[in-house]
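Student: Dumping the structure here so I can ask a few things about it.
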Amino acid sequence: MPLEKKERALLMKLFYRNGSNLSTAPLVYQRLKDLRKGAMSGQAALKKIITKFQGIRELSVLRGRGQKRISSETAEEVALTMVERVSDS
Numbered sequence: 001m002p003l004e005k006k007e008r009a010l011l012m013k014l015f016y017r018n019g020s021n022l023s024t025a026p027l028v029y030q031r032l033k034d035l036r037k038g039a040m041s042g043q044a045a046l047k048k049i050i051t052k053f054q055g056i057r058e059l060s061v062l063r064g065r066g067q068k069r070i071s072s073e074t075a076e077e078v079a080l081t082m083v084e085r086v087s088d089s
C-alpha cells in the first residue's frame, strides 16, 4: 500500500533527524505509528523516496505523460481516410 504524502514527509523528517540513517528511520516510524514488524517495505522503499525527493524536492507522485489531445481537424482527416479506404475495398 503506497504511503500518503504526510507519511512520506514524516519518513523524510525522521531520516534527516536520525543522521541520514536508512535503518533507523523505518524503525522509528513503525514505533510512532504502532505498526507491526514488517508492515513497511523497508529500507529499499525509503531509499527510493529519498532519492526521488533529493532529485525534485517534491514528495508527491510525478504525473505521467498521458495522451496528447488531438485536434478536431485531425479527427476529421482520420475519419475521411477511413471512409475512403472502406469505399475503395
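In full-length UniProt numbering, the protein residues as written are 1 to 89. Just so you know, even glycine gets a beta-carbon here, dropped at the ideal spot from N, CA and C.
For Lys33, which of Val83, Ile70, Leu14 has the nearest alpha-carbon?
Tutor: Of the listed residues, the one whose Cα sits closest to Lys33 is Leu14.
Student: Roughly how far, in whole angstroms, is the beta-carbon of Met12 from the beta-carbon of Ile50, given that I think they are within contact range, below 8 Å?
Tutor: The Cβ separation is near 7 Å, so the contact holds.
Student: By Cβ distance below 8 Å, which residues in the same chain neighbour Glu77 in space, the five residues on each side in sequence not counted?
Tutor: No residues qualify anywhere along the chain.
Student: If we count the other Cβ atoms within 10 Å of its Cβ and call it buried at 16 or more, is Ala75 buried or exposed?
Tutor: When all chains shown are included, Ala75 counts as exposed.
Student: Please report the residue range of the alpha helix (DSSP H) in which Lys33 lies.
Tutor: Element bounds for Lys33: 24-33.
Student: Go to Ser72, then tell me how far its alpha helix (DSSP H) extends in each direction, as first and last residue.
Tutor: Segment 72-88, the alpha helix (DSSP H) holding Ser72.
Student: Comparing C-alpha positions only, which one of Thr81, Arg85, Ala79, Glu7 sits nearest to Gln30?
Tutor: For Gln30, the nearest C-alpha among the options comes from Glu7.
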